[in-house]
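Participant: Got a structure for you, questions after.
In the working numbering, the protein residues as written are 36 to 247.
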């Protein structure tokens, strides 16, 4: 499927700050690059999901909560983590603006899980999650560390099995870094993130699980 990027980017420019929009372009590029390594047949679709992943990130908390009510998104208001809301509202918002032909289940789930991750993610979800973390514009110490770890090791991979082992180890490291920072900051850790870390730590056959 071909995508009307002129229309999509036009919408995003009205919703995102200049800094956010630059980041989304970076994630689009990174998702395409990762797609060409792991699932080239979906590289264009991955680029689309990367472009849309933060569509509601710049919305106010009040707007986010309003969208949760409008879309019947279940949240725990007593233990609310505002930073995570945009993934839940973004997939619904994007689907309603661009339609289910564009934001199908695969794109929808890629947006939904791009912040927390989850156990047994689809390869599509993994790529969007990782692209958001390591796109070249992100210069935070952990982002640089993870980006260097992935690319230093993926260049050494000799076959598909080794590529997927690099991907598995990169996912574990990403969750370790995220959890470490949240602990240091005294913040809540989403259960999906903990479950994802444990899943990729113990699942030593990522390629096999992807091919089931």
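Every residue gets a Cβ at the ideal spot worked out from N, C-alpha and C, and that includes glycine. Keep in mind that this is a model prediction, so the values were computed, not measured.
Taking the alpha carbon of residue 132 as the point to measure from, which residue in 87, 234, 169 and 176 has its own alpha carbon closest?
Facilitator: The count along the chain shown starts at 1 and reaches residue 132 at position 97. The candidate whose alpha carbon is nearest that of residue 132 is 87.
Participant: Measuring alpha carbon to alpha carbon, tell me which residue in 81, 176 and 211 is nearest residue 36.
Facilitator: As a first step, residue 36 is located in the chain shown; it is residue number 1 there, counting from the start. Comparing Cα-Cα distances from residue 36 to each of 81, 176 and 211, the minimum goes to 81.
Participant: Using a 10 Å radius around the Cβ and a threshold of 16 neighbouring Cβ atoms, would you call residue 203 buried or exposed?
Facilitator: Stepping through the chain shown from its first residue, residue 203 is reached at position 168. When all chains shown are included, residue 203 counts as buried.
Participant: Just the C-alpha distance for residue 129 and residue 115, rounded to the nearest angstrom, thanks.
Facilitator: In the chain shown, counting from the first residue as 1, residue 129 sits at position 94. In the chain shown, counting from the first residue as 1, residue 115 sits at position 80. One C-alpha to the other measures close to 22 angstroms.
Participant: Where does the unbroken alpha helix (DSSP H) through residue 93 begin, and where does it stop?
Facilitator: Reading the chain shown from its first residue, position 58 is the one you call residue 93. Neither: residue 93 is in no alpha helix (DSSP H) and is coded neither H nor E.
Participant: Note down, in chain order, each residue of its chain lying with its Cβ closer than 6 angstroms to the Cβ of residue 232, except the 5 sequence neighbours on either side.
Facilitator: On the chain shown, position 197 is the one that residue 232 refers to. Closer than 6 angstroms at the Cβ level, and outside the excluded window around residue 232, lie 210.
Participant: Would you mind working out which of 166, 157 and 189 sits nearest residue 89, comparing C-alpha positions?
Facilitator: Walking along the chain shown from the start, residue 89 turns up at place 54. Nearest option by C-alpha distance: 166.
Participant: Does DSSP put residue 188 in a helix, in a strand, or in coil?
Facilitator: For this step, residue 188 is matched to residue 153 along the chain shown. Of the three classes helix, strand and coil, the one that applies to residue 188 here is helix, per DSSP.
Participant: Taking the alpha helix (DSSP H) that residue 144 belongs to, which residues open and close that run?
Facilitator: In the chain shown, the residue the question calls residue 144 occupies position 109. Residues 140 to 147.
Participant: Look at residue 127 and residue 144 and say whether their C-beta atoms are less than 8 angstroms apart.
Facilitator: Your numbering for residue 127 matches position 92 in the chain shown. Your numbering for residue 144 matches position 109 in the chain shown. No; because the gap between Cβ atoms is not below 8 angstroms, this pair is not in contact.
Participant: Straight-line CA distance for residue 118 to residue 154?
Facilitator: For the purposes of this step, residue 118 is taken as the residue at position 83 of the chain shown. For the purposes of this step, residue 154 is taken as the residue at position 119 of the chain shown. In a straight line, the C-alpha of residue 118 is about 20 angstroms away from that of residue 154.
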